[in-house]
Amino acid sequence: MKALVDNMLVYWLLLLGISLGLAALVYVFWLKETMIH
Amino acid sequence: MYEFAIAGMSAPIFLLVLTGMTVGMVGGFIGVGGGYMVTPALIVFGFPGYMASGIDVMHIAGKSVVATIRHRQLGNIDWVLGLAMVGGTMMGVEMGVRLLNLTKELGLSGMALLFGSVAIMVGLFVYTQIETHRAHKKIDQLTESGAEVGRELKATKLPMFFQNISLKPIIRCHVARIIISMWVVVIVGVATGVLAGFFGVGGGFIRVPALVYVVGATTHIAVGTDLLEIVVSGGYGALRHFMSGNVDMIAVFFMIIGAMLGAQFGSIATSFVRGPAIRYILSYSLGLATVGAFMRLVYLLTAQKYGFLNFFAVVFTVGEMIFLCLFILSLVYFSVRYRGGKWVPGWIPALVVQKD
């Protein structure tokens, strides 16, 4: 894990993946019904 | 879910509080109002476009006051610089709004806004990313050679060019430690104001880089002084939107609850990091916002045929805010660890300050 985090680009991609995953969950559970397309 | 009577729709309260908190944190850290993130997010939540704009500007005005007070306590505001710029900014905003109305009459406003905003954000992202990366590498090299490095280091000579312009009157910005022609500051204010008025945003994402790369202020001073500008321009915008009936105050209230907390933390977080760390977050926010806007643009240009583009645009809009907050929290976490002598990733020491 330390080796992964030690590389800034990898850390950036990891955080981005987590964030987009959380955002996808928010979309599926809360936004899909209320969204304007 | 809460029923917003004025907006005529319902939305989950926690999402508004969370949006306010995340954008407040980012705004307090990089000195932006966050309109380019909040307005698309509110539209995604179901608010009508004009209402999303009005709620956004109203919450920005309130949140910026909190962040500005905190930055003043941290010594990050140059009042001479801020006051010299505010007149130009207000004039520029008015010119930008009139330019927008002109493009509306010509039937070009929608496309002009989208293409224009994508072009500017891409340009700023590329320049800021390259310069910050170079500054990061320079700090690493200086630290390895044993030299002491302060809170700020830039890898560009552009501010020197503008500071050497000797058109009177010359102003001395004691907090920012720069001596510069007032005309440069006013023109920067007008130019950033025009862009802000045209795109209907606070302008922080343009003004902070302008203060850093043109005027030559340190990133921390640019963030604090820009938030002062946003209090003025945001306050004026909030008043106009309120008078036009574009604001649901209950929605603003929920957003401000989150924004008050987020803005406090974001502002205080700047004292843990060096200038390049703030510029990295600024460039990431521009890059991700561009990707989201580009997806939305392609979705509209393809006559809304491909639903997955809209899905990705929504996920990027919400994900961007979460990502920026997680990165800011990481920087503070690693800064505390570094001060305590614990292990941190190799790229952290150049980005954080070891002592207060």
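Chains as they are written, first to last, in the numbering used here: chain A, 1 to 37; chain V, 1001 to 1356. Each residue gets a CB set at the ideal place from its N, CA and C atoms; glycine is no exception.
Fully enclosed beta strand (DSSP E) runs of no fewer than 3 residues are not present anywhere in the segment 1029-1103 of chain V. The shortest CA-to-CA distance from Y1333 of chain V to any of V:T1270, V:V1038, V:E1003 is the one to V:T1270. According to the DSSP assignment, S1010 of chain V belongs to no alpha helix (DSSP H) but to the beta strand (DSSP E) extending over 1009-1011. Contact between the segment 1226-1245 of chain V and the segment 1169-1187 of chain V is absent: fewer than three C-beta pairs spanning the two stretches fall below 8 Å. For R1172 of chain V, the enclosing beta strand (DSSP E) stretches over residues 1170-1173. Looking at the DSSP output, V1273 of chain V shares a beta bridge with V:V1352.
Per DSSP, E1229 of chain V is one residue of the alpha helix (DSSP H) stretching across 1219-1243. Per DSSP, S1181 of chain V is one residue of the beta strand (DSSP E) stretching across 1178-1181.
Remark: three or more beta-carbon pairs, one from each stretch, lie closer than 8 Å, so the segment 1201-1216 of chain V and the segment 1027-1043 of chain V are flagged as touching.
L20 of chain A reaches chain V at V1315, G1319, counting residues in chain order whose Cβ is nearer than 7 Å. Among the residues of chain A, none has a CB under 8 Å from the CB of L1309 of chain V; the nearest is roughly 11 Å distant.
Here DSSP, grouped into helix, strand and coil, assigns Y1002 of chain V to strand.
For I1257 of chain V, the secondary structure class from DSSP, reduced to helix, strand or coil, is helix.
For M8 of chain A, the residues of chain V that pass the 8 Å Cβ criterion are P1345, W1347, in the order they occur in the chain.
D1078 of chain V and P1276 of chain V have their C-alpha atoms spaced approximately 20 Å apart. The residue among V:M1021, V:G1054, V:F1014 with its C-alpha nearest the C-alpha of G1245 of chain V is V:G1054. Taking 8 Å as the threshold, the shortest C-beta distance from F1323 of chain V to chain A falls below it.
The alpha carbon of A1263 of chain V has as its nearest neighbour, out of V:A1052, V:F1312, V:V1066, V:G1046, the alpha carbon of V:V1066. Rounded to the nearest whole angstrom, the CA to CA distance from A3 of chain A to L15 of chain A is 15 Å. Taking CB atoms only, L1015 of chain V has a neighbour in chain A less than 8 Å away. DSSP, reduced to helix, strand and coil, places Q1304 of chain V outside both helices and strands of the structure shown, so it counts as coil. At a Cβ-Cβ threshold of 8 Å, V1215 of chain V and F1161 of chain V do not count as neighbours.
Taking a cut-off of 8 Å on C-beta distances, the segment 1048-1062 of chain V does not touch the segment 1288-1296 of chain V, as fewer than three cross pairs fall below it. Proximity of the segment 1186-1198 of chain V to the segment 1088-1102 of chain V meets the contact definition, three or more beta-carbon pairs being nearer than 8 Å.
The Cβ-Cβ distance between V1315 of chain V and L20 of chain A falls below 8 Å.
Judged by DSSP secondary structure, R1151 of chain V falls outside any alpha helix (DSSP H); it is assigned neither H nor E. With 16 or more neighbouring CB atoms inside 10 Å of its own CB, S1267 of chain V falls in the buried class.
Comparing alpha carbon positions, the residue from V:V1023, V:P1040, V:F1265, V:V1057 closest to D1248 of chain V is V:V1057. Here G1346 of chain V carries a coil assignment [DSSP, helix/strand/coil]. Proximity to M1021 of chain V across V:R1240, V:S1064, V:L1114, V:F1125 peaks at V:S1064, based on C-alpha coordinates.
Near chain A, meaning a CB-to-CB distance below 8 Å, no residue of the segment 1252-1280 of chain V qualifies. Taking F1242 of chain V as reference, the option from V:T1039, V:F1014, V:G1008, V:A1061 with the minimal CA-CA separation is V:A1061.
Under the DSSP assignment, I18 of chain A falls in the alpha helix (DSSP H) whose first and last residues are 8-26. The beta carbon of A1011 of chain V sits closer than 6 Å to those of F1045, G1046, all from its chain and outside the five residues before and after it, given in chain order.
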